[in-house]
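Numbering (the working numbering), first residue to last: 1154 to 1946.
See below:
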């Protein structure tokens, strides 16, 4: 391939493609302007009917090729002719649909014609070649043909081959299958074992020719089937003409390499067109068009519904919602109404009408659709098209466009449909060869940076290219190789460059950097009380606390070069906020779920980077909800005003007294339970002794005195509990606490005589009952005047 004479890059949005997407109809004599498209002709005529051998062939040169990365190619041929002429383009059978839909002839002498051989009509039986897979298949293909079968003995049978079948043969005690041939001769049917014949020769010359054709096709190597598309020019003076045809081509591929600060775009183009390219203008286009494939080559016929022939009442065909005469005994209008109602029922449609509508839909969609997969056909086809899903039209799944969508979303001011176009002049490429076309993409900014992210490596950084696309075009995704060293002979790494939209920037990592080391330290959390607010009415204490997170990094550069380092930290979690950096040499950037800190680091230097995050929290609490240790720590800090300190001390004192009261109440409850058990024990003994006449009166009197003392102690214990419970109630109200008893004092509700009053509740017992209980207690108390212990024991 010779050196390209000129190569230039056109980066930007492309003008709208003016290819004519339409059905190919052939042979027009009514249209005379200089430019004829396939869709502008009105008749179809096979090549065989035009006798093209009387029209001289002309020579046109392939001048321009436009290849789309999606797999479509537009080929243009130009030349000078004098008089009529025909030019043939050989295309693969799989490309005929593209050539039929989009092809063009430009001739100032007249409209001209675009023709190709018509395919086989499906209603015409296809000529079947004999099967030569096995001998049995071949003999079955010869059934009904006249043959001459010669046996090993020399005897010949001349007749028509009737059947080839397997029968059981018996030899001694063994049974096995043998093939038997039956031939109809002049003397009748004769059956003979197949292996008794030495030869079977067909006499039908047509069959012999088809057999030779089958053998010839079997022996030929596998080749791509091609067809000729003929462009016929009308008679006229010497003039310039051109033709264009759309073909299916391989997708041209993209590769990149970076050499220093230059980005080289490599286009990999394959020539599979069947002809050499010599001095052509090659245009390469990349984008995201809506493309599809449709069978326009095959002959399409409408499938009509087969209706049964009527046997009576021929005058009426209710399947078609009409009547041609009066039904005997029934009024015609009422009959039509009944028939209409029956036909229009959506829940029970007529099978015949259903099938007929389906046939109409298929036929109209196939005949009228030329734009978007047949959805612009008849009305029924259009209705189905509007309700179809994306898969019906051949759209690619949305997930396959993720990279492109992301790149386009990063584009701030690029025009809609922004794409890439590369143009190369005087390209020579032999058929079956691949061209590697290099283009310098500019302006593009490329910088080397070292990126640290702890998920990549705990201490090492990643060498990255910071690329900014300053062109108006979208650079498609492709593999990228980073070259360095003398004459760019060393490869530093490889990576897949994602779609890079206009005016967008992307970090692309290609190798680990062993020269820059980052040592992260564990995150330190701290909490500081900034202020407190005391509300005596609501017994509420509002604490304003400052929460801080601090992460420190040590960075060392020993790579031999000055480096730009990007340290990536996870996005600050809510409700924390980043504290502004004091160092002006550090630039903070926000990325997807990451915060980047950019700074320069000279070779051999090290530095520390501290990332601080903080948030302030106000926590309102009741006085009794704050721990005593925390309250005492605040008093010891001595940083609050005198009024706040006095209130805090008062709260601490009340909390301590409340704790002492609750401990004493807990002890009294335990003592009460012990006294109750002792009273019950003495009462049981006294009851048993009174029933026995042997006990003296002195013993009984002693038991009675013990019982009275125990009951007096129990009464004093309950009175003490009532007093302490009342004191507890006062402290609880002073601290703004709920009056509900804690779990360890829950027995107070059933232990105290006036439990409701003691707990700050309304009494639930009657006044008389309360007076009786008090009188009983006073009587017992007067019987024992001793008061040796705190409870009078």
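Where is the CB? At the ideal position from N, CA and C, for every residue including glycine. Quick caveat, the model's predicted, so the values are computed rather than measured.
The C-alpha of residue 1410 is placed about 14 Å away from the C-alpha of residue 1598. For residue 1764, the closest C-alpha among the options 1615, 1734 and 1361 is that of 1734. Within its own chain, no residue has a Cβ closer than 8 Å to the Cβ of residue 1782 once the five positions on either side in sequence are excluded.
Shortest Cα-Cα distance from residue 1280 to any of 1379, 1363, 1577 and 1344 involves 1363. Ranked by Cα distance from residue 1582, the first of 1869, 1745, 1595 and 1433 is 1433. By the neighbour-count criterion, in which 16 or more other beta carbons inside 10 Å mark a residue as buried, residue 1642 falls on the exposed side. In this structure, residue 1343 sits away from residue 1330, with a CB-CB distance that is not shorter than 8 Å. Proximity of the region 1373-1389 to the region 1348-1361 falls short of the contact definition, fewer than three beta-carbon pairs being nearer than 8 Å. For residue 1230, the enclosing beta strand (DSSP E) stretches over residues 1225-1234.
Segment contact: the region 1642-1654 against the region 1706-1718, fewer than three CB-CB distances shorter than 8 Å; contact not assigned. For residue 1858, the enclosing alpha helix (DSSP H) starts and ends at 1850-1887. DSSP places residue 1286 outside both helix and strand once states are collapsed to three, so it counts as coil. By the criterion of a C-beta distance shorter than 6 Å, residue 1824 is surrounded in its chain by 1870, once the five residues flanking it on both sides are discounted. Boundaries of the beta strand (DSSP E) around residue 1766: 1759-1775. Residue 1394 is bridged by DSSP to 1232. Leaving aside the five residues that flank residue 1258 on each side, the residues in its chain whose CB is nearer than 7 Å to its CB run, in chain order, 1189, 1265, 1267, 1384 and 1396.
Taking C-beta atoms as the reference points, residue 1573 and residue 1627 count as a pair closer than 8 Å. Residue 1362: member of the alpha helix (DSSP H) spanning 1358-1372, first to last residue.
For residue 1802, the CB contacts under 8 Å within the same chain, skipping 5 residues up- and downstream, are 1788 in chain order.
Assigned with DSSP and collapsed to three states, residue 1785 falls in helix. Residues 1685 and 1687 of the same chain have their beta carbon placed closer than 7 Å to that of residue 1797, with the five preceding and five following residues left out of the count. Under DSSP, residue 1430 takes part in a beta bridge, and its partners are 1582. Beta-bridge analysis with DSSP links residue 1600 to 1619. Here the region 1439-1458 does not lie against the region 1662-1675, with fewer than 3 beta-carbon pairs under 8 Å apart. The C-beta distance from residue 1769 to residue 1697 rounds to 6 Å, short enough to meet the 8 Å contact threshold. Sequence-distant partners of residue 1309 (beyond 5 residues in either direction) whose C-beta falls short of 8 Å from its own C-beta, in its chain, are 1301, 1302 and 1303.
Taking a 10 Å sphere around the C-beta of residue 1323, we find fewer than 16 other C-beta atoms and assign the residue as exposed. Listed in chain order, the non-local C-beta contacts of residue 1800 below 8 Å within the same chain comprise 1687 and 1689, local neighbours out to five positions each way being set aside.
Contact between residue 1386 and residue 1211 holds: CB atoms are separated by about 7 Å, below the 8 Å threshold. Taking all protein chains in view, the Cβ of residue 1277 is surrounded by fewer than 16 other Cβ atoms within 10 Å, so the residue is classified as exposed. Listed in chain order, the non-local C-beta contacts of residue 1412 below 6 Å within the same chain comprise 1636 and 1641, local neighbours out to five positions each way being set aside. At the C-beta level, residue 1624 and residue 1655 come within 8 Å of one another.
Shown here for residue 1461: not one same chain residue has a beta carbon closer than 6 Å to its own, the five before and five after excluded. A residue is called buried when at least 16 other Cβ atoms come within 10 angstroms of its Cβ; residue 1252 meets this threshold and is buried.
Shown here for residue 1594: same chain residues with a beta carbon closer than 6 Å to its own, the five before and five after excluded, namely 1416 and 1418 in chain order. The shortest C-alpha to C-alpha distance from residue 1454 to any of 1275, 1850, 1345 and 1745 is the one to 1275.
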